[in-house]
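Sequence lines, in order, name chains A and B. Going left to right, the first sequence walks through residues 1 to 253 as full-length UniProt numbering numbers them. Going left to right, the second sequence walks through residues 1 to 253 as full-length UniProt numbering numbers them. From the three backbone atoms N, C-alpha and C, an ideal C-beta is built for every residue, glycine too.
There are 2 protein chains.
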Amino acid sequence: MEKRQDSLYVSTLARGLKILRAFDESHVALSLTDLVERTGLEKSAVQRMAHTLHVEGMLERDANTRRFRPSHAWLQLAYAYYWSDPLIARALPKLIEFSQANAETVNLAQMSGEHIIYSLRLPTQRIHFGASIVGRRVPVLNTAAGRVMLSTRSDAEIDAACASWTMEAWTHKTVMDRAEIARRVRAAGRDGYCITRDQMLLNEISLAAPVKGPDGIAHAAVQISISAIDANEDQVVQKFLRSLLDTAAGILG
Amino acid sequence: MEKRQDSLYVSTLARGLKILRAFDESHVALSLTDLVERTGLEKSAVQRMAHTLHVEGMLERDANTRRFRPSHAWLQLAYAYYWSDPLIARALPKLIEFSQANAETVNLAQMSGEHIIYSLRLPTQRIHFGASIVGRRVPVLNTAAGRVMLSTRSDAEIDAACASWTMEAWTHKTVMDRAEIARRVRAAGRDGYCITRDQMLLNEISLAAPVKGPDGIAHAAVQISISAIDANEDQVVQKFLRSLLDTAAGILG
DNA sequence: ATCAGAAGTATCAAATAATGATAACTGTCA
DNA sequence: TGACAGTTATCATTATTTGATACTTCTGAT
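Right under this line is the structure:
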């Protein structure tokens, strides 16, 4: 039991949330004992929390395997989120426009600490499943969208971020050299866009444009993924940059 | 304090969930007192729960208004859900295919009690915001997707559902006559599809095809929305039905 | 078919951690 | 400036959670 000296902190609730967060892309259906392992809670605690979440409709339970799974309620929460974030309503029509005009997969990414989170995705071809669905969080430093957002901040912030923020290597070509990343972030600041290749997926080119607020800081970015089989980076810039910048600028952070 | 004679039920956790569920499309940012009203909890309880959820990253807090808002974590939960439901991975490529081939908005809807929930949406034109984002729950009886799914069940179930399940009128043309709805559900069973008009939105035609499991029961449906300005119902059937049925059949519930 | 072990379920006494009342604070609008 | 609505902090009380353990069910190996 962690000692929080915060009289308003309700540890029971936190324990329940821990159960919810135990589910992710590689943990889609968890047994009681799985949950014990993943959360570090007592068996009894897991039993009670999972039971309560089940009763409350937050967890589905497979009748045969007795394993717990996320319920539809998790999508309902996303629905509430979408309404709560005014950026979404502004961005969606622009993204649809772009998607229809260019027939290419387009995403809205938002800053979320040291990560970006994809909050809107309009896939136009079958790509990797994780790249087609919303809610994915990936490090700012390893993505075009993250870098172009970061590039709108002050030099001090950029340096601090590049020096300490988390990174994740998905391919053997993922750049993990912080100095190199810092260089590219600054380049993005000068250029007003950022392009990467082979960072999250091999043969994937990613181009991102910032959605800037009135203060010039970007808390969101519009990003497209293009197969490097079909075009090289220059061609992608040539073909999509103007339209992408327009789309991003039309959103107004 | 409701007396639950369920020794495993943790009411503190349930209270916390109540806070999360207080947010919806018309309650996007709630103050402490709003939460008290909406949840029926004690002021102190709300204070503690909201505080804990904030600390745990489940609620954002506006520095000025002191109001709470859903956080990005709500989208992350959706991400976990998407991975957990195998139907999603099977359906997404098919929907993308359909969307690209027909340039029309296509959705995946799933049964969720007396409601359907939209779990995948690929909008191709700007429509009503709520109709473009996932997680929306609407009564089975008032939607083409709901009716076509219901139509795959036994006569007894259909009758029971039509007699008692919840309904909601969005337009003055929304059919609220249960006998009439039952007739249409049975027609959908015979036809293998369902079409509606003006039910959720005026001048909206909705066409749905069932995603049937091996037992013949549909737990999901593929659905498209077409503007009635552009075409009448017969034309929509003419133009899209075959392709839609193929798409749905290709998914395998 | 049987058994052993693992996984899941149920129970209970102990006391921690949640409770709700209330008081103090803060900001806002007449 | 003063009153009020909303928010934050405190604290004694005890209801609720807790964790250990015993019981049951399921699974798969022999």
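Residue-chain proximity (residue i, chain B), Cβ-Cβ < 8 Å
i, result
"residue 240 of chain A", "no"
"residue 126 of chain A", "yes"
"residue 1 of chain A", "Low per-residue confidence applies at residue 1 of chain A: pLDDT is 34, beneath 50, and the placement is therefore not dependable, though the value from the model is reported in the following sentence. It does not; no Cβ of chain B falls within 8 Å."
"residue 149 of chain A", "no"
"residue 168 of chain A", "no"
"residue 176 of chain A", "no"
"residue 104 of chain A", "no"
"residue 135 of chain A", "yes"
"residue 35 of chain A", "no"
Closer than 8 Å at the beta carbon, the chain B residues around residue i
i, result
"residue 112 of chain A", "72"
"residue 24 of chain A", "79, 80 and 83"
Beta-carbon proximity check, residue i vs residue j, cutoff 8 Å
i, j, result
"residue 200 of chain A", "residue 17 of chain B", "no"
"residue 141 of chain A", "residue 165 of chain A", "yes"
"residue 220 of chain A", "residue 125 of chain A", "no"
"residue 78 of chain A", "residue 30 of chain B", "no"
"residue 80 of chain A", "residue 68 of chain B", "no"
"residue 210 of chain B", "residue 134 of chain B", "no"
"residue 131 of chain B", "residue 225 of chain B", "yes"
"residue 222 of chain B", "residue 122 of chain B", "no"
"residue 181 of chain B", "residue 237 of chain B", "no"
"residue 120 of chain A", "residue 144 of chain A", "no"
"residue 193 of chain A", "residue 245 of chain A", "yes"
"residue 190 of chain B", "residue 233 of chain B", "no"
"residue 106 of chain A", "residue 9 of chain B", "no"
"residue 115 of chain A", "residue 139 of chain A", "yes"
"residue 61 of chain A", "residue 41 of chain A", "no"
Listed by chain order, chain B residues near residue i by CB distance under 9 Å
i, result
"residue 139 of chain A", "Those within 9 Å of residue 139 of chain A in chain B number zero; the least Cβ separation is about 14 Å."
"residue 146 of chain A", "Those within 9 Å of residue 146 of chain A in chain B number zero; the least Cβ separation is about 14 Å."
Presumed contact (8 Å Cβ cut-off) between residue i and residue j, rounded CB distance
i, j, result
"residue 207 of chain A", "residue 185 of chain A", "Between residue 185 of chain A and residue 207 of chain A the Cβ distance is about 15 Å, and since that is not below 8 Å, they are no contact."
"residue 49 of chain B", "residue 13 of chain A", "6 Å"
"residue 72 of chain B", "residue 84 of chain A", "In fact, because the Cβ distance is near 11 Å, the residues do not count as touching under 8 Å."
"residue 101 of chain B", "residue 227 of chain B", "Between residue 227 of chain B and residue 101 of chain B the Cβ distance is about 18 Å, and since that is not below 8 Å, they are no contact."
"residue 250 of chain B", "residue 213 of chain B", "About 14 Å; that fails the 8 Å criterion."
"residue 217 of chain A", "residue 152 of chain A", "5 Å"
"residue 32 of chain A", "residue 19 of chain A", "Not confirmed; about 10 Å, so no contact."
"residue 38 of chain A", "residue 27 of chain A", "7 Å"
"residue 178 of chain A", "residue 160 of chain A", "Going by Cβ atoms, the distance from residue 178 of chain A to residue 160 of chain A rounds to 11 Å, so no, they are not a contact pair."
CB contact check: residue i to chain A, cutoff 8 Å
i, result
"residue 214 of chain B", "no"
"residue 75 of chain B", "yes"
"residue 93 of chain B", "yes"
"residue 183 of chain B", "no"
"residue 132 of chain B", "yes"
"residue 41 of chain B", "no"
"residue 108 of chain B", "no"
"residue 217 of chain B", "no"
"residue 253 of chain B", "no"
"residue 153 of chain B", "no"
"residue 20 of chain B", "yes"
"residue 197 of chain B", "no"
"residue 69 of chain B", "yes"
Residues that residue i contacts on chain A, provided the C-beta gap is smaller than 9 Å
i, result
"residue 51 of chain B", "6, 8, 9 and 10"
"residue 286 of chain B", "The requested residue 286 of chain B is not part of the displayed model; chain B covers only 1 to 253."
"residue 100 of chain B", "103, 124 and 125"
Chain-ordered chain B contacts of residue i [CB-CB under 7 Å]
i, result
"residue 258 of chain A", "Nothing in the structure corresponds to residue 258 of chain A, since chain A is present only between 1 and 253."
"residue 28 of chain A", "83 and 84"
"residue 47 of chain A", "8"
"residue 226 of chain A", "The premise fails here: residue 226 of chain A is roughly 16 Å from chain B at the closest Cβ pair, so nothing lies under 7 Å."
"residue 14 of chain A", "52 and 56"
Neighbouring residues, chain A, relative to residue i (Cβ below 7 Å)
i, result
"residue 58 of chain B", "17"
"residue 89 of chain B", "129"
"residue 61 of chain B", "Going along chain A, no residue has its Cβ under 7 Å from residue 61 of chain B, so there is no contact; the nearest lies around 12 Å."
"residue 96 of chain B", "123, 124, 125 and 126"
Interface partners of residue i on chain A, CB under 8 Å
i, result
"residue 117 of chain B", "72, 75 and 76"
Item to check | beta strand (DSSP E) runs contained entirely in the segment 151–216 of chain B, provided each spans 3 or more residues | outcome: Annotation: the segment 151–216 of chain B contains the following complete segments of the beta strand (DSSP E) (minimum length 3 residues), in chain order: 194–197 and 204–212.
Item to check | Length at least 4, wholly inside the segment 62–106 of chain A: the alpha helix (DSSP H) runs in chain order | outcome: Counting whole runs of 4 or more residues, the segment 62–106 of chain A contains the alpha helix (DSSP H) stretches 73–84 and 86–102.
Checklist entry - Mind pulling the beta strand (DSSP E) runs of 3 or more residues that sit fully within the UniProt domain "HTH iclR-type" (10–72) of chain B? => result The UniProt domain "HTH iclR-type" (10–72) of chain B is shown to contain whole beta strand (DSSP E) runs of 3 or more residues at 59–61 and 68–70, in chain order.
Checklist entry - At what residue ranges does the segment 119–150 of chain A contain a whole run of the alpha helix (DSSP H), taking only runs of 4 or more? => result 144–150, all fully within the segment 119–150 of chain A.
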